[in-house]
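In full-length UniProt numbering, the protein residues as written are 1 to 145.
Here's the structure we're looking at; comments come further down.
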């Protein structure tokens, strides 16, 4: 390693590249450490004592703890993260459906506006009629099916 150090001092660009490499590896280490800690906390198959044991192991002996965790339980880390992402997406979709549904019965104002736009695009109503119908729908007095 001393030969590489001297070489780095002889060539400043090589020194800069080595510094960036060390910085990159340091950042990657912290990303891996945080992902392991988040996976430990999110994992429903581990009990309280199991989570505590893994957390203590990764905090007291971070390099060994993280590498042992990745070897022992790393196979399912991706599937647990994917399941979490799917659950969040389903919750978001459910919220959007409830919000778009509106509080009225029948069709929502969004559906009525879309239908009005189609009617206007076909040329069945004028711009003035479209504007008045849109105002009725947005005020909540529009026709509901």
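Glycine residues also receive a C-beta, built at the ideal position from the N, C-alpha and C atoms.
Per DSSP, residue 45 lies in no alpha helix (DSSP H) and is assigned neither H nor E. Apart from the 5 residues on each side of it in sequence, residue 51 sits with its Cβ closer than 8 Å to the Cβ of 40, 41, 43 in its chain, given in chain order. Looking only at 46, 85, 94, the smallest Cα-Cα distance to residue 73 is reached by 46. Collapsing the DSSP output to three states places residue 59 in a helix.
Counting of Cβ neighbours within 10 angstroms places residue 135 among the exposed residues, the total staying below 16. Using a Cβ distance threshold of 8 Å, residue 55 and residue 38 do not count as a contacting pair. For the set 17, 116, 138, 122, the Cα lying nearest the Cα of residue 130 is the one of 116. By the Cβ-count criterion, residue 110 is exposed, with fewer than 16 other Cβ atoms from all chains shown falling within 10 Å of its own Cβ. Secondary structure of residue 124 (DSSP, three-state): coil. Per the coordinates, the alpha-carbon of residue 21 lies some 35 Å from the alpha-carbon of residue 86. With contacts defined as CB atoms closer than 8 Å, residue 108 and residue 121 fail to qualify as a contacting pair. Around the CB of residue 69, 16 or more other CB atoms lie within 10 Å, so the residue is classed as buried.
Cβ-Cβ distances below 7 Å link residue 138 to 109 in the same chain, with the five nearest sequence neighbours on each side left out; the list follows chain order.
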